[in-house]
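Each remark here refers to the structure printed beneath this line.
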Amino acid sequence: MADVSLNLSAASTGATTESRATRGLLIGVAVVFLALFLLLPLVTVFVEALRSGVGAYFSALGESDTVSSIRLTLIVAAISVPANLVFGLAASWAIAKFEFVGKSVLITLIDLPFSVSPVTSGLIYVLIFGAQGYLGPWLQAHHIQIIFALPGIALATVFVTFPFVARELIPIMQEQGTLEEEAAVSLGAGGWSTFLRVTLPNVKWALLYGVLLCNARAMGEFGAVSVVSGHIRGLTDTMPLQVEILYNDYAYAAAFAVASLLALLALVTLAVKTLLEWRFAGEIASQRRH
Amino acid sequence: MDARVANDVNYAPDVLTKWGRPVDVAIESVEKAFGDTPALHGVSLSIRSGELVALLGPSGSGKTTLLRILAGLDFPTAGRVMFGGEDALSLTVQQRNIGFVFQNYALFRHMRVFDNVAFGLDVRPGARRPTKADIRGRVLELLKLVQLEGLERRYPAQLSGGQRQRVALARALAIEPRLLLLDEPFGALDAKVRRELRRWLREIHDRTGHTTVFVTHDQEEAIELADRIVVLNQGKIEQVGTPDDIYDNPASPFVAGFIGESNALPVVSSGGALSLDGRALAVGSRPAAADGPHTLVFRPHHVEIVEDRPGCIEGVVVSERRHGAVRRIEVEAGAQRRRIEIDVPADARGARKGDSIRVLPNHWWLFDAR
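Taken in sequence, the protein lines are chains A and B. Under my numbering, the letters of the first sequence match residues 85 to 374, in that order. Under my numbering, the letters of the second sequence match residues 3 to 372, in that order.
In structure tokens form, the structure reads like this:
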């Protein structure tokens with residue numbers, strides 16, 4: 085949105101020649117489109133959620149299966165976000181600061197989850213860990229449950245959200261180069277100290293930004309989780325799955341109530357994201373990339 | 003101690019007692035290759051303790067590589083580096099205790115000036131780390147030395163290029179280095195600031211007595227600052243000497259062309275007599291000149307305009323322009339119309355474009371061209 089207003093102010097100073105009417109029309113089309121396809125559905129979610137009153141809204145959210153789905157979603161996010169924070173940081177550090185064989189392969193692999201359909205990602209885990217999968221018999225023999233349980237859901241979520249942190253950090257770390265690290269070691273700092281005092285502080289806002297996007301996706305992921313969850317009510321349903329179940333059960337108000345929480349999460353993410361972009365534009369890679 | 007330094011208002015005597023002991027450096031037959039690309043060929047050099055040495059050369063000459071090898075940021079493929087009697091290559095970059103000032107300063111962008119300078123002391127392991135108060139005292143002392151008092155709460159982005167340069171120097175000095183290395187220290191600054199900082203760096207060096215090595219591609223900088231200049235070209239040392247040595251007795255056409263300006267003409271020596279394009283030259287030949295192709299090198303201001311005299315260089319003026327106190331004319335000389343540049347008095351006659359001209363170098367060097 086900021087870009088749009090920027091271009092318009094440039095237009096009004098005469099840099100471009102579109103007439104007032106043309107500009108009005110273009111803005112109008114954009115606004116109508118946004119209202120119709122983004123704002124209207126969002127409003128609908130909240131309207132439908134609150135249709136039967138605030139009391140019904142909260143009692144729908146307090147329903148035990150829903151509560152357990154919220155808890156599961158939080159647990160999954162609490163596992164996958166820190167995991168991807170560590171993986172992403174390690175991978176981008178290695179890629180940006182060191183030269184090694186297979187670097188381009190690693191960069192491509194990091195992008196893989198973005199190019200693979202989430203359903204496929206889920207199926208991969210079923211094929212590996214499921215009862216009929218490669219490791220299924222061995223896992224069953226040792227009473228380890230991965231598919232249709234928390235480990236499977238967490239694994240699928242980690243896979244799907246893997247690129248967020250790394251892709252945010254790699255360009256910014258590459259741009260910063262290794263000069264400051266070299267300065268730090270020449271001043272006597274060890275590797276770990278250099279990382280904590282120089283590398284990490286230089287990317288902290290980009291890291292926070294990546295974590296934020298990663299978290300939003302981890303909580304909202306449907307496809308991959310749907311395949312590995314097994315839809316055991318009150319046990320393996322995350323919030324997005326719970327929305328679908330409630331909706332299919334004709335419990336519209338309850339479905340929209342849970343959906344409204346996810347919508348709220350999206351709004352908060354958007355607000356924090358905008359705040360970060362506004363405040364630390366120069367230190368966040370995505371802003372320049374997109 | 004230099005007299006001009008003692009007059010400095012910012013003189014801080016107790017800073018001087020705290021430096022690490024300056025050290026002799028010996029570089030022995032160092033080789034370095036990046037993959038298949040050689041960067042240094044058998045470089046040997048010794049640097050005396052307290053000396054200020056310039057590594058001078060064009061880009062790609064290996065000067066920065068040599069500096070990074072001294073710092074421990076790169077390692078040679080062969081050869082030895084000794085600090086005092088100690089094998090430097092067996093030390094890690096952290097153990098070497100070297101102050102390195104990077105080309106673009108590499109200040110920590112998220113730290114204030116104070117924390118940048120304090121960094122090297124802050125990261126020391128517990129037993130060797132000074133107390134907070136000592137660190138503070140030392141940082142403020144250093145900021146005074148580099149004339150940045152009052153700026154300790156600024157971030158690097160809030161400083162001018164010259165100020166950043168001085169923060170980088172203070173940060174490097176904070177660790178009491180045995181050796182101070184500077185990579186193109188004035189490269190990113192404008193001409194005026196550069197001259198000021200150059201003089202100032204010389205003063206700091208004279209006061210602190212560090213063994214200092216700096217890399218530059220600017221001959222003027224090297225001549226003005228250094229005790230000795232090491233001229234590097236294509237990974238080899240061409241010449242080592244004082245600025246006077248190198249200017250007055252260049253060891254190769256490259257050195258003559260890189261330090262000061264010079265002309266080079268291909269001549270042939272035969273029986274002690276020189277000729278250019280088959281025409282005899284009356285530049286009295288030296289007994290040492292063996293038969294064969296040679297390069298005759300002379301500076302633009304070491305040339306006289308002569309009357310038609312046997313053995314002079316004949317040519318045509320192709321351009322002329324004012325060059326400070328003199329007039330610089332470009333001449334196409336000899337049958338092959340080789341371009342040379344000559345300085346003549348600003349009011350010299352016969353030095354206009356299109357004039358034919360006869361000249362004779364009165365001071366020159368002859369190098370074997372094989």
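Glycine is no exception: its CB is placed at the ideal position from the N, C-alpha and C atoms. The structure presented is a predicted model; accordingly, all values stated were derived computationally and were not measured.
{"Item": "Within 9 Å of any Cβ in chain A, is that where the Cβ of Gly96 (chain B) sits?", "Value": "Contrary to the premise, residue 96 (chain B) reads as Gln rather than Gly in this sequence. At least one chain A Cβ lies under 9 Å of Gln96 (chain B)."}
{"Item": "Considering just the uninterrupted stretch of the alpha helix (DSSP H) at Ser47 (chain A), what are its terminal residues?", "Value": "Nothing about residue 47 (chain A) can be reported from this structure: the residues present for chain A run from 85 to 374 only."}
{"Item": "Inspect the beta-carbon positions of Met322 (chain A) and Leu122 (chain A) and report whether they are closer than 9 Å.", "Value": "Correcting the residue type first, residue 322 (chain A) is Thr in the shown sequence and not Met. Going by C-beta atoms, Thr322 (chain A) is not nearer than 9 Å to Leu122 (chain A)."}
{"Item": "Restricting to Cα atoms, I'd like to know which of A:Ala341, A:Leu296, A:Gly304 is closest to Gly139 (chain A).", "Value": "A:Ala341"}
{"Item": "Run down chain B in chain order and give the residues with a C-beta less than 8 Å from the C-beta of Leu263 (chain A).", "Value": "Phe104, Asn106, Ala108"}
{"Item": "Say whether chain A places a C-beta atom closer than 9 Å to the C-beta of Ala73 (chain B).", "Value": "yes"}
{"Item": "Between A:Ala308, A:Ile329, A:Lys288, which has its C-alpha nearest Leu169 (chain A)'s C-alpha?", "Value": "A:Lys288"}
{"Item": "Helix, strand or coil: how does DSSP classify Val300 (chain B) here?", "Value": "One point to set straight first is that residue 300 (chain B) is Phe, not Val, in the sequence displayed. Correct three-state label for Phe300 (chain B): strand."}
{"Item": "Just how far apart, CA to CA, sit Gly51 (chain A) and Leu354 (chain A)?", "Value": "A question about residue 51 (chain A) goes unanswered here, because the residues of chain A that appear run from 85 up to 374."}
{"Item": "Excluding the five sequence neighbours on either side, which residues of its own chain have a C-beta within less than 7 Å of the C-beta of Val25 (chain B), listed in chain order?", "Value": "Ser51, Phe85, Gly86, Arg180, Leu181, Thr213"}
{"Item": "Using the beta-carbon of each residue, which ones in chain A are nearer than 8 Å to Phe121 (chain B)?", "Value": "Ala268, Leu271, Ala273, Arg281"}
{"Item": "Hey, would you say Val115 (chain B) sits closer than 9 Å to Val55 (chain B), going by beta carbons?", "Value": "no"}
{"Item": "For Pro285 (chain A), would you say it is in contact with chain B, using Cβ-to-Cβ distances shorter than 9 Å as the test?", "Value": "yes"}
{"Item": "Kindly indicate which residue of B:Leu109, B:Val195, B:Ala172, B:Ala28 has the alpha-carbon position closest to the one of Thr262 (chain A).", "Value": "B:Leu109"}
{"Item": "In or out: Pro166 (chain A) buried (at least 16 other Cβ within 10 Å) or exposed?", "Value": "exposed"}
{"Item": "Once you ignore the five residues that flank Arg196 (chain B) on each side, which residues in its own chain have a CB closer than 8 Å to its CB?", "Value": "Phe188, Glu223"}
{"Item": "Could you please tell me which residues of the region 157-177 of chain B, in chain order, have their CB closer than 9 Å to any CB of chain A?", "Value": "Ala170, Arg173, Ala174, Ala176, Ile177"}
{"Item": "I need the DSSP call for Val257 (chain B), collapsed to helix, strand or coil.", "Value": "helix"}
{"Item": "Can you give me the start and stop residues for the alpha helix (DSSP H) that Ala174 (chain A) sits inside?", "Value": "148-181"}
{"Item": "Please identify the residue among B:Gly273, B:Val269, B:Val318 whose C-alpha is closest to the C-alpha of His296 (chain B).", "Value": "B:Val269"}
{"Item": "Using the C-alpha atoms, what's the distance from Arg372 (chain B) back to Arg311 (chain B)?", "Value": "30 Å"}
{"Item": "In chain order, what residues of the same chain have a beta carbon less than 8 Å from the beta carbon of Arg111 (chain B), not counting five sequence neighbours either side?", "Value": "Tyr157, Pro158, Ala159"}
{"Item": "Hey, is Val17 (chain B)'s beta-carbon within less than 9 Å of any beta-carbon in chain A?", "Value": "At Val17 (chain B), the pLDDT of 42 sits below 50, so the modelled position is not reliable; the number obtained from the coordinates is stated separately. No, no contact with chain A."}
{"Item": "Classify Thr39 (chain B) as helix, strand or coil using the three-state DSSP reduction.", "Value": "strand"}
{"Item": "Between Ser277 (chain A) and chain B, is the shortest Cβ-Cβ distance under 9 Å, so that the two count as touching?", "Value": "yes"}
{"Item": "What number of angstroms, rounded off, separates the C-alpha of Asn91 (chain A) from the C-alpha of Ala347 (chain A)?", "Value": "Any reading at Asn91 (chain A) is ruled out, since the residue's pLDDT is 48, under 50, leaving its predicted position unreliable."}
{"Item": "So for Ile231 (chain B), helix, strand or coil by DSSP?", "Value": "strand"}
{"Item": "Closest to Leu42 (chain B) by C-alpha separation, out of B:Glu322, B:Asn251, B:Gly64, B:Asp357, would be which residue?", "Value": "B:Gly64"}
{"Item": "Do the CB positions of Arg154 (chain A) and Ala238 (chain A) come within less than 9 Å of each other?", "Value": "In the sequence under discussion, the amino acid at residue 154 (chain A) is Ile, which differs from the Arg named in the question. The answer is no: Cβ separation not under 9 Å."}
{"Item": "At the level of alpha carbons, what is the spacing between Arg70 (chain B) and Leu349 (chain A)?", "Value": "50 Å"}
{"Item": "Run the CB neighbour count on Ala215 (chain A), radius 10 Å, all protein chains shown included, and call it buried at 16 or more, exposed below.", "Value": "exposed"}
{"Item": "Would you call the CB atoms of Leu145 (chain B) and Pro132 (chain B) closer than 9 Å?", "Value": "no"}
{"Item": "With Val305 (chain B) and Pro363 (chain B) assumed to form a contact (beta carbons below 8 Å), what rounded beta-carbon distance in angstroms separates them?", "Value": "5 Å"}
{"Item": "Kindly identify the DSSP beta-bridge partner or partners of Ile315 (chain B).", "Value": "B:Val361"}
{"Item": "So which of B:Trp367, B:Gly356, B:Ser321, B:Phe36 has the shortest CA-CA distance to Asp345 (chain B)?", "Value": "B:Ser321"}
{"Item": "Can you have a look at Trp276 (chain A) and say buried or exposed, based on whether 16 or more other CB atoms are within 10 angstroms of its CB?", "Value": "exposed"}
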